[in-house]
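Take the sequence shown: its letter number 40 is residue 1297 in my numbering, and every next letter is one higher. Beta carbons: idealized from backbone N, C-alpha and C, even for Gly. Each remark here refers to the structure printed beneath this line.
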Amino acid sequence: MLDEKIFEMKDQIIKSVQESVRIKSVEDEPREGMPFGEGIHKAFLHCLQLSQSLGFKTVNIDNMIGYAEYGEGDEMVAVLGHLDVVPEGEGWTYPPYGAEIHEGKIYGRGTIDDKGPTIGALYALKAIADLKLPLKRRVRIIFGLNEETGSKCVKHYVDKGEEIPVWGFTPDAEYPIINGEKGIVTCKYKRTFNEEIPLISIKGGTAPNVVPDYAEVVVSLSNEKKKLAKKVAETMEEIELREEGDNLIIMAHGVSAHGSTPEKGKNAISYLLLFMHKLNFSGEFGDFLNFVNSYMELDLHGRKLGIYSEDEVSGKFIFNLGTVQGNNQEINIEINMRYPVTKKYEDFIDIFKEKMNLGKMEEIYIRHKKSLYVHPETEFIKKLQKVYQEKTGDKADLISIGGGTYAKAMENLVAFGPVFRGQPKVEHMPDEYIKIDDLIKNVQIMAAAIYELAN
Ligand SMILES: [Zn+2]
1258 MLDEKIFEMK DQIIKSVQES VRIKSVEDEP REGMPFGEGI HKAFLHCLQL SQSLGFKTVN
1318 IDNMIGYAEY GEGDEMVAVL GHLDVVPEGE GWTYPPYGAE IHEGKIYGRG TIDDKGPTIG
1378 ALYALKAIAD LKLPLKRRVR IIFGLNEETG SKCVKHYVDK GEEIPVWGFT PDAEYPIING
1438 EKGIVTCKYK RTFNEEIPLI SIKGGTAPNV VPDYAEVVVS LSNEKKKLAK KVAETMEEIE
1498 LREEGDNLII MAHGVSAHGS TPEKGKNAIS YLLLFMHKLN FSGEFGDFLN FVNSYMELDL
1558 HGRKLGIYSE DEVSGKFIFN LGTVQGNNQE INIEINMRYP VTKKYEDFID IFKEKMNLGK
1618 MEEIYIRHKK SLYVHPETEF IKKLQKVYQE KTGDKADLIS IGGGTYAKAM ENLVAFGPVF
1678 RGQPKVEHMP DEYIKIDDLI KNVQIMAAAI YELAN
């Protein structure tokens, strides 16, 4: 019944998604009443108006986030989507904000991530409302406006004391169901030197959550140390030397990879620091290299730091030394760590800080997103599995990932859809698209899921 109803609304769904995609909603300068800029605000107003025209009550929370709500009951279930998009970038065949349809696909920034699924969720609820299907819980479709650049929208929702759903999902990742996401810690530390050191500059890496593929240091060395450097360089294929006047430039080449899978890469900073350590520096600079060598070098899992853990669901603790940057007075490093889904921040953070202290490393910042894990036996997960299996005929495996999805932003959510198994990843890419058949399929799955979760 729901499926047919949704199929009847197909043209309307396509039209609404197109309208939204045609509003360029990339984060921009804040303006009065537009905390994330004018484009995002317009896309937000479009969605609120659409919700009202479909007959839903809407709430705008300080232009930071809003929702459409339907039904009655003490408890509420939610679908969390977002209307902001990443910049279009280069290389498009079709206009990135044209929402043109070619061969059954709508092309444009935000079609799959996440305007298509978010507006789709609204129509899923509309189908339930039109058919007057009885629900025991209220349903909210929440419109996030800042997923791509920090989720300040959901933080505002939570800080304002808005109602947290008893359960819900975000169609902002992939099917079947992601019930586990590792906890993520990103931090920056600084070592300051109080004496003359041979370092002129050091740099490497682009971001804490990326395995650096290149790092280099410029040093001023005695002839004796230069000789040693040349000898050691012959034993390490990652290292390349170049003399420039009195200075020696030491370059380390690695392989880039995402910070959640460092085993797929080769950390250039780690190799650079290992090489430097082999040159046996003394004094404060030597202390620093000893510290790094003892506690983090070439270690992808925090074993040397004594913070290693693992679990059956999500595997090993992940450690990535992502960036280094410094001069003859200080060295800054940024680290990205991911702990298993069933573990806690408190399990390791004090040990980590203690070790950094030991290395005279001064904390600049620590950011933490806690792990997410919903037990497979919970009623909520069982309901989503049942819906997914019935609608797709595919087995509803549960997935644990090392990255983080929008589900982390709010309690009691998991990521569910919109990308089907085996489909190419097109979000954040040129020629982002959603297949119209998949869009409709998503609306049908979401409608069934909302119905199950609300009863
Ligand atoms: Zn997204």
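In this structure, Leu1337 lies away from Ser1282, with their beta-carbon atoms at least 7 angstroms apart. Check the Cα spacing between Lys1383 and each of Ser1308, Gln1642 and Glu1668: the tightest is with Ser1308. Lys1412 is the residue among Glu1265, Lys1412, Glu1286 and Gln1269 whose C-alpha sits nearest the C-alpha of Met1667. Taking a 10 Å sphere around the C-beta of Glu1481, we find fewer than 16 other C-beta atoms and assign the residue as exposed. Residue burial annotation: Ile1658 is buried, with at least 16 other C-beta atoms found within 10 angstroms of its C-beta. Each of Leu1629, Met1508 and Tyr1552 was checked against the Cα of Gly1563, and the nearest Cα belongs to Tyr1552. Lys1639 and His1625 have their C-alpha atoms some 29 angstroms from each other. Separation of Gly1296 and Lys1389 (C-alpha to C-alpha, rounded to the nearest whole angstrom) is 35 angstroms.
Residue environment analysis places Lys1439 among the buried positions, since at least 16 neighbouring C-beta atoms fall within 10 angstroms of its C-beta. Residue state for Asp1568 is assigned as strand, using DSSP reduced to three classes.
Per the coordinates, the alpha-carbon of Thr1427 lies some 15 angstroms from the alpha-carbon of Gly1367. Straight-line spacing of the CA atoms in Ser1408 and Leu1530 works out to 35 angstroms.
Separation of the CB atoms of Gly1348 and Pro1687 is rounded to 4 angstroms, and the pair is thereby assigned contact status at 8 angstroms.
Between the stretch 1284 to 1291 and the stretch 1351 to 1358, the count of Cβ pairs shorter than 8 angstroms is below three; the stretches do not touch.
Taking a contact as a CB-CB distance under 8 angstroms, the pair Gly1516 and Val1581 does not count as one, their CB atoms being some 15 angstroms apart.
Assignment of Pro1344 by DSSP, reduced to helix, strand and coil, places it in the coil class. For the stretch 1624 to 1662, the continuous alpha helix (DSSP H) assignments of 4+ residues that do not extend past its boundaries occur at 1636 to 1649, in sequence order.
Ranked by how close their Cα comes to the Cα of Val1549, the residues Gly1294, Ser1479, Glu1326 and Lys1617 have Lys1617 in first place.
If you ignore the 5 residues before and after Lys1600, its C-beta comes within less than 6 angstroms of the C-beta of Ser1566, all in its own chain and listed in chain order. Here the stretch 1668 to 1676 lies against the stretch 1427 to 1436, with 3 or more beta-carbon pairs under 8 angstroms apart. In this chain, the beta strand (DSSP E) harbouring Glu1500 covers Ile1496 to Glu1501.
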